[in-house]
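Enquirer:
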Amino acid sequence: MESEDELCVCLDADGRVHGSHAACPDASFRVFDRLLSLRPAALHALRRECLLASWPLAAGSFWLHHAQPPRGPLEALARRIFELHTDSAALDREATAGAEWWANVSRSEAMARGGGYGDIAFHFDKDEGAHEAHGLIIHPVLSTVTYLSDSGAPTVVVSDATVSPVGEYSACRMSAHLVPPRVGRHLRFDGRLLHGAPRSILPPAGEEAGSYERVTFCVNIWVGHKPRRCGPFTTPSSLAPTDHIDFRLRQTDPNMALNALKAQGRTVHISPKESRPRSARVNQSESSPQQHRIECFELHQTSQPHTLFLALPNESTLRRALGNATVLTIASPSIAVCKTSSSDESHLKSKREELPADELSNCKRGKRAPRP
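The opening residue of the sequence shown carries number 1 in UniProt numbering; numbering runs sequentially from there.
Okay, here's the thing in C-alpha cells:
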C-alpha cells in the first residue's frame, strides 16, 4: 500500500491519470439545470449539513470510495454525483476510484470584512498533498459544482487553460464560461481546467447587497488515483434519524441515466423533455471600451506567478446577461494568462482599468505585459 511519503501514478500525454477516461468518457463542459430537485425543508436541511463540511468547521476535503456505502446525506449526494458521471462497468470493486467532496459556504458579511474569507479565487483542482510534497500536479478526471443557493458570484471556467504536471501553462486560445448560481443547478467540467468564483466578477447589488449566502456542494471524481490528506467524513449528521433526504437527480441524458440505473439498481426519474441550458455569448471586440472592464487575477498555482487577464462587460450589462442565461461565454481574445513578477502583479492590479486592449493582446500571444 502506498504511504504518504511515496507516490506512484501514471499520467497520459494529456496530463490525465492513465485509464481514467475509460470510466468517465465524457469530460466536456456541461450545465444541468434543475438537476437536483428538493423540497424547501430538505434544501434547508442540506444547507445546514453543508456548514459541517465547510470552512472553518472543516479544513479540507473528504473521500468516499466508489464501493463504500454512504454514511450520511452529504456522502449520499456525493455518491449519486459520482454514479451520474461514471460508467460502473469500467470499475471493479477494488478499483482506486471515488469522490473527493466538500462544501463551500460564502457569507457576504465575511467577504465584506476582507482577508479572502469566502472568496473563491481562481485555481486548479489537484491532489494538494502530492503538489506540496513533490511539486507534481495531478488532476481529478472531472470537477463538479452543485448549487444550493441563488446568490453570489458566478463560477468561471476557463476552457483550455491547463497546466502540465510540472506547472507549465498551455499557450492556446481561451474562452471563459460563466455559470450563475441557481438552486439545483449542476456544473460539470474537465478536472484540468482553471476555474473560480471571485466576488469581484460580479459584486452584489440590489437585494444581494445585504446579507446573503452562496452555498455549493463540490465533488471531484477520481479514477486510478486517490488524493492525499483526503479522509472520511466523521462529523455526525445534524439531522434527526427520521429526517431522510431523498436525492432525485432529474437526468435527461439517456446514456447517463442508464449508467445511474446500473450503478444503483433502482429507478431514476427521467424528465420527458430535456431542459436545454440557455446560453449567451459575448465578444468584447464588438463592444466599445466603455462597455467592458479588464479584471486581473493573481494565479499562484505554480512555482512561477502568473496573472489572468479577463475582459468582462460592465457590471450592469453582465448582471442582465447572467439573469437571462444559464451559461455566458466570453469569447477569445478577451482572455490571457501570462507570467508576472510580484511587483508587476500588484501594479497591474491597481491599474487594471487603464490596461489597453493591445497589451491584453500582447499577453495573449505569450509576451510579457509591459507596465502601464
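Glycine included, C-beta positions come from ideal geometry on N, C-alpha and C. The structure displayed is predicted, hence computed values, not measured ones.
1. In whole angstroms, what is the alpha-carbon distance linking ALA331 and ALA311?
2. Taking a contact to mean a Cβ-Cβ separation below 8 Å, would you say ILE201 touches VAL156 in this structure?
3. Between which two residues does the beta strand (DSSP E) holding ALA194 run?
4. Could you tell me the distance, in whole angstroms, from the CA atom of ARG93 to the CA atom of ARG281?
5. Roughly how many whole angstroms lie between the Cα atoms of ASP87 and ARG188?
6. Could you pull the DSSP bridge partners for ASN314 from this structure?
7. Mark HIS269 as exposed unless 16 or more other C-beta atoms lie within 10 angstroms of its C-beta, in which case mark it buried.
8. For the candidate residues VAL215, VAL9, GLY191, ALA325, whose alpha-carbon lies nearest to that of PHE124?
9. Under a three-way DSSP split, which group does GLU75 fall into?
10. In this structure, how does DSSP classify GLY129 when only helix, strand and coil are distinguished?
11. Using C-beta distances below 6 Å, list every residue in its chain close to ALA103, excluding the 5 sequence neighbours before and after it, in chain order.
12. Counting only runs that start and end within the stretch 139-194, where is the alpha helix (DSSP H) found for 4 or more residues in a row?
13. Restricting to Cα atoms, I'd like to know which of LEU178, LEU35, GLY129, CYS8 is closest to THR96.
14. DSSP has PHE62 in a bridge; who is on the other side?
15. Between which residues of its own chain and ARG320 is the CB-CB distance below 6 Å, once the five residues before and five after are set aside?
16. Suppose you measure from the CA of PRO204 to the CA of ALA153; what does that come to, to the nearest Å?
17. Who are the near neighbours of SER61 in its chain, counting only those whose CB is closer than 6 Å to its CB and skipping five residues on each side?
18. Could you say which of VAL105, SER316, GLY15 lies nearest to ALA161 if we only look at CA atoms?
19. Alpha carbon to alpha carbon, how far is PRO227 from GLU128? Give it in angstroms, no decimals.
20. Taking just the CA atoms, how far does GLU315 sit from LEU91?
Expert: Taking the geometry as given:
1. 9 Å
2. yes
3. The residue asked about is misnamed: residue 194 is Leu in this sequence, not Ala. Where LEU194 is concerned, the enclosing beta strand (DSSP E) stretches over 194-197.
4. 43 Å
5. When rounded, the distance between both Cα atoms is 16 Å.
6. For ASN314, which the question treats as bridged, DSSP gives no partner whatsoever.
7. The predicted model places HIS269 with a pLDDT of 39, which falls under 50 and marks its position as unreliable, so this point remains unresolved.
8. For the residues VAL215, VAL9, GLY191, ALA325, the minimum Cα distance to PHE124 belongs to GLY191.
9. helix
10. helix
11. CYS50, ALA53, SER54, PHE217
12. Complete alpha helix (DSSP H) runs here, min 4: none at all.
13. CYS8
14. TRP101, GLY231
15. none
16. Rounded to whole angstroms, PRO204 to ALA153 spans 8 Å at the Cα level.
17. GLU100, TRP102, CYS230
18. If we check each option's Cα against that of ALA161, GLY15 comes out closest.
19. 7 Å
20. Rounded to the nearest angstrom, the gap between the Cα atoms of LEU91 and GLU315 is 46 Å.
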